[in-house]
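For the sequence shown, counting from 1, position 165 maps to 218 in this note's numbering; every step adds exactly one.
Taking it in order: structure first as structure tokens, then the write-up.
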Amino acid sequence: MFLKNKIFERAKEEDPIVSNAFRHVLKGLKVYKREIQPFTEEEVQLLIENATNRLHRDFYTTLYYTGSRFGEVANLEWEDLDFENGVCHICNKSEYQTKTRKSRIVPMHPELIHTLQERKKSIGSKYVFPSPQNNSRPVTTLQRKFPELRDALGIDPTKTLHSFRHSFATHLQKKGVTIEVVQELLGHSDIRMTRHYQKVDFATLQEAVGRL
């Protein structure tokens, strides 16, 4: 529908037609964005423990423990990691910009520090996750193997790699972390976006109603 609309608009510019008959159809069209669901804590551990290879395992671990987007993790460089102080810098770079165009820092979980310190021993690239084909470039996709693993583990097929980010926010919220702190960790400029990421599970809802 979008393409047809553009074709009609171009036709108007070139004068073969005087009006876009398709405009009214497109105007009333509603596009529903599928909501990404978080993994449970058990699913996160299953995915990490059963990852196809070390690259995937370490990447999933970093996605989860930093709450970062795929591109932010893929473009991590060793100089962005401060192991001594336990800090991960999510930075804008000349070849990569974060979605919000803002840099942020994320404290590193002990599990993540251990994973990345071990990884550094065997990676001869400035990138933490270089491409298997060219270690002077960051990895670009893990999409082919991830669905195979997710399906083999019987995890909801609507959940994606981005679900690790949603899981980070949701699991922190379940453990009592305030939404303002989660907002800072995720790098959201608008707290309404953070609320969208936080999912309250059914057990929490049951417990809340039980207080009546």
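Backbone N, C-alpha and C fix where the C-beta goes; we use that ideal spot for every residue, glycine too.
| query | Across which residues does DSSP place H142 in a beta bridge pair? | reply | I158, per the DSSP bridge assignment.
| request: Let me know the secondary structure DSSP gives L214 once reduced to three states. | output: coil
| Got a sec? Which residues, its chain only, sit under 8 Å from T166 by beta carbon, not counting five neighbours each side? | Looking at the sequence provided, one finds Ile at residue 166 rather than Thr. Contacts found: F136, G139.
| said: With three or more beta-carbon pairs closer than 8 Å as the criterion, would you say the stretch 190 to 198 touches the stretch 120 to 131? | reply: Taking a contact to require three or more Cβ pairs closer than 8 Å, the stretch 190 to 198 and the stretch 120 to 131 qualify as touching.
| request: Could you tell me whether the Cβ atoms of K212 and P91 are closer together than 9 Å? | output: Taking 9 Å as the cut-off, the Cβ atoms of K212 and P91 count as close.
| said: With the cut-off set at 9 Å, would you say R218 and G120 are in Cβ contact? | reply: yes
| query | Candidates T223, S220, K198, C141: which alpha carbon is nearest V181's? | reply | C141
| message | Taking the beta carbon of L116 as the centre, do at least 16 other beta carbons fall within 10 Å, making it buried, or is it exposed? | response | Buried, since its Cβ has 16 or more Cβ neighbours within 10 Å.
| Terminal residues of the alpha helix (DSSP H) in which Y149 lies | That residue, Y149, is in no alpha helix (DSSP H); it is neither H nor E in DSSP.
| query | Is DSSP giving P183 helix, strand or coil here? | reply | strand
| said: Just verifying my parser: in three-state terms, what is the DSSP assignment at P163? | reply: helix
| Delimiting residues of the alpha helix (DSSP H) encompassing V97 | Per DSSP, V97 belongs to the alpha helix (DSSP H) from 94 to 102.
| task | Give the secondary structure of E133 by DSSP, where H, G and I count as helix, E and B as strand, and everything else as coil. | result | Here the sequence assigns Asp to residue 133, which means Glu is not the residue at that position. Residue state, collapsed to three classes: helix.
| said: Considering only the alpha carbon of each residue, which of T231, E96, L169 lies closest to D267? | reply: The requested residue 267 does not occur in the structure, where the chain is confined to residues 54 to 265.
| field | DSSP three-state assignment for P91, whether helix, strand or coil | value | coil
| request: Could you name the residues of the same chain whose beta carbon sits closer than 7 Å to that of F112, not counting the 5 residues immediately before and after it, in chain order? | output: V126, F182, L195
| query | Should L238 and F221 be called a contact, given that it needs their Cβ atoms to be closer than 9 Å? | reply | Yes, the Cβ-Cβ distance between L238 and F221 is below 9 Å.
| said: Under DSSP, the alpha helix (DSSP H) around D204 begins and ends at which residues? | reply: 198 to 205
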